[in-house]
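Count along the sequence shown from 1, then add 1327; that gives the number in our numbering. We treat Cβ as the ideally placed atom computed from N, Cα and C, and that holds for glycine. Have a look at the structure below before the remarks.
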Amino acid sequence: MPTTRRAFLGIDCGTQSTKALLLDAAAGEVLAVGRADHQLIQAPDGTSEQQPGWWTDAAAAAIHAAIREEDGVEVAGVGVSGQQHGLVALDAADRPVRPAKLWNDTTTVAEADALTAAVGGDARALELTGNLFLVGYTAPKVAWLRAHEPDAYAAARRFCLPHDYLNLWLTGSFATEPGDASGTAYVDARTRSYAPGVLTALDGGRDWEATLPPIRDSLSIMGTLRPELAGELGLPAGIPVSGGGGDNMCAAIGVGAVVEGPVVVSLGTSGTVFTYSAQPAIDPMGEVAAFCSSNGGWLPLICTLNCTLATEWIRQLLGLDRDGFEAALAGSPPGARGVTFLPYLAGERTPNAPAATARFSGVRPEHGRSDLVRAVAEGVVLGLDYGLDALARAGARPIEITLVGGGAASDGLAQLCADAFDLPVRREPAPEAAALGAARQVAHAVDGVPLAGPEGANGGDRFEPHAAEALREAGQRLATLRDAALGR
């Protein structure tokens, strides 16, 4: 008879797709990964939305794909990671009243400014929550819904985040955890509790206790898999579902950034730089997000809106395949022969410039496609280096960078990161760090497995800096463009 392998299931609902990862409960190794893509609703005004039903459909498809890949698996628990900041508005029957506004939706500029003014300015916002009211966060989305779609706002009985919605779908339990909740801008990251001053500014007449999910321990069990759903998914009814977290929080668990020291850079549609902290880490300038972690600590983080969004744009614009992109990136020297690209295709979050646009500078007739590709890639990575400097204000002192995300598969981008940061870069070998982190979290909640994973699990390729000086010059050119865009 075939041997049954006990495993934990990690689900990661991202912007582009949902992944389902099976983690061997005994050996701690990844057994299989399933994936299903999402649609995206976008408009020139900055709208970026998805139907929550697309996430549940994709999760089911990804789970089935993972189980098909690895026969004979008995799933012992589920953990869910999700894209941060999205606003899911539910009616009295927990049905979405409209599409969810996503993290990269930039239609809420006026609402972010008005909410900041309503609480007394940036300094007061930092005092209330540890964070500014940036366009990407959830609080301005709530204000937008109230102002622009009052009927939908009135019909909404509950508000939650994407990963909370998936937990609700799996278990019927309406709850959240501090990591993802701290990215709403209506939670005080220091106390891991809702901020009454912000909620009153949003709507003084709403029953927020009934509207928002209670905040529970990230490492607790949120609920158990509903029997009526278990059969559809091919999973055992009643298996535990852990607290889960935002995708960055779960990625930190996935790569072992659960103690102070490691700094992680994620190259996804957006770019992030984050590290674990045992204490709340507040940036006096507000550029670093004062998030909680999803393992009981804090996770100071910066996010740029334009990472592989920009590199994929130039790749597709020039008709390059993946190998062609790598060849073009290698075909221009560090500094792109004087071409500079400000990569604000979707506005920007770090620094906070939601209305900014992208631009090339220094282009001459002798420049070719390699120089353009190199300039775009350098603009993206140097933007992350700006964020790394901001993270230092919150106490980060990196000596090495762990690289994750889809863009990390590019040798050229990995080397560029080493050069721009002037630090060694280790490319995390584990696939799908956020889904892996969600699986490790539920394994810890159920079996007490250490969150950092098995001893010696980390490894991967290393990239040493060798063109830091040329990248410093490119960074100075980019800083000039950035200052102009920000009116400095």
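For S1547, count neighbouring C-beta atoms within 10 Å of its own C-beta (all shown protein chains included) and say buried if the count is 16 or more, exposed if not.
exposed
Residue range of the alpha helix (DSSP H) that S1697 falls in?
R1696 to R1720
For D1339, count neighbouring C-beta atoms within 10 Å of its own C-beta (all shown protein chains included) and say buried if the count is 16 or more, exposed if not.
buried
Check whether the Cβ atoms of S1509 and A1516 sit closer than 8 Å, and answer yes or no.
yes
Reducing DSSP to helix, strand and coil, say where M1549 ends up.
strand
Pairwise C-alpha distance: R1642 and A1481
44 Å
Would you check if the distance between the CB atom of D1432 and the CB atom of S1375 is smaller than 8 Å?
yes
With DSSP as the reference, identify every bridge partner of K1428, one or two as the case may be.
E1376 and L1414
Kindly indicate the opening and closing residues of the alpha helix (DSSP H) around R1307.
A query on residue 1307 cannot be resolved here, the shown segment of the chain reaching from 1328 to 1815 and no further.
Compute the distance between the beta-carbons of V1708 and A1747, then report whether it is under 8 Å.
yes
Do the segment 1330-1350 and the segment 1517-1524 make contact, defined as three or more Cβ pairs closer than 8 Å?
no
In the DSSP assignment, find the alpha helix (DSSP H) that holds I1641 and state where it starts and stops.
T1635 to L1644
Go through its chain and collect everything with a Cβ distance to L1805's Cβ below 7 Å, but skip five positions before and after it.
T1667, L1669, G1706 and L1709
Whole-angstrom distance between V1415 and Y1492, CA atom to CA atom:
7 Å
Assigned secondary structure, I1390 (DSSP; H/G/I helix, E/B strand, else coil)
helix
Candidates A1761, Y1603, M1612 and D1648, of which the one nearest A1717 by Cα:
M1612
Length of the line joining the Cα atoms of E1559 and L1647
40 Å
Environment of E1782 [buried if 16+ CB atoms lie within 10 Å]
Below a pLDDT of 50, predicted positions are generally treated as unreliable, and E1782, at 43, falls in that range; the measurement from the model is reported next regardless. Exposed, since its Cβ has fewer than 16 Cβ neighbours within 10 Å.
According to DSSP, is F1501 helix, strand or coil?
coil
Short of 8 Å in beta carbon distance, which residues of its chain neighbour G1722, apart from the five on each side in sequence? Order them along the chain.
S1604, A1608 and P1627
In three-state terms, what does DSSP make of I1609?
coil
One question on the structure: do V1405 and V1585 come within less than 8 Å of each other, judged by their Cβ atoms?
no
Using DSSP with H/G/I as helix, E/B as strand and the rest coil, what is Q1366?
coil
Specify, as a first and last residue, the run of the beta strand (DSSP E) that G1689 falls within.
Taken as a continuous stretch (DSSP letters only), G1689 belongs to no beta strand (DSSP E), as it is neither H nor E.
Could you tell me whether the Cβ of D1648 comes closer than 8 Å to any Cβ of chain E?
Looking for chain E here will not work: only one protein chain is present.
Beta carbon of I1629, beta carbon of T1599: below 8 Å?
yes
Own chain partners of L1495 with C-beta closer than 6 Å, once the 5 adjacent residues on each side are dropped
F1501
Indicate whether G1572 and E1675 have their beta-carbon atoms separated by less than 8 Å.
no
E1618 - containing beta strand (DSSP E), residue span
Strictly speaking, residue 1618 in this sequence is Phe, with Glu absent from that position. Per DSSP, F1618 belongs to the beta strand (DSSP E) from A1616 to C1619.
Could you check the C-alpha separation between L1778 and V1582 for me, to the nearest Å?
9 Å
Using 8 Å as the cut-off, can you tell me whether the segment 1370-1387 makes contact with the segment 1420-1436, which would need three or more C-beta pairs spanning the two stretches below that distance?
yes
D1339 - containing beta strand (DSSP E), residue span:
R1332 to C1340
By Cβ distance below 7 Å, which residues in the same chain neighbour P1499 in space, the five residues on each side in sequence not counted?
For the record, residue 1499 in the displayed sequence is Gly; it is not Pro. The residues are G1550 and R1553.
Out of V1357, K1468 and T1342, state which residue places its alpha-carbon closest to the alpha-carbon of A1363.
T1342
According to DSSP, K1468 sits in a beta bridge with which residue or residues?
According to DSSP, K1468 bridges with nothing at all.
Helix, strand or coil for T1435, going by three-state DSSP, please let me know.
coil
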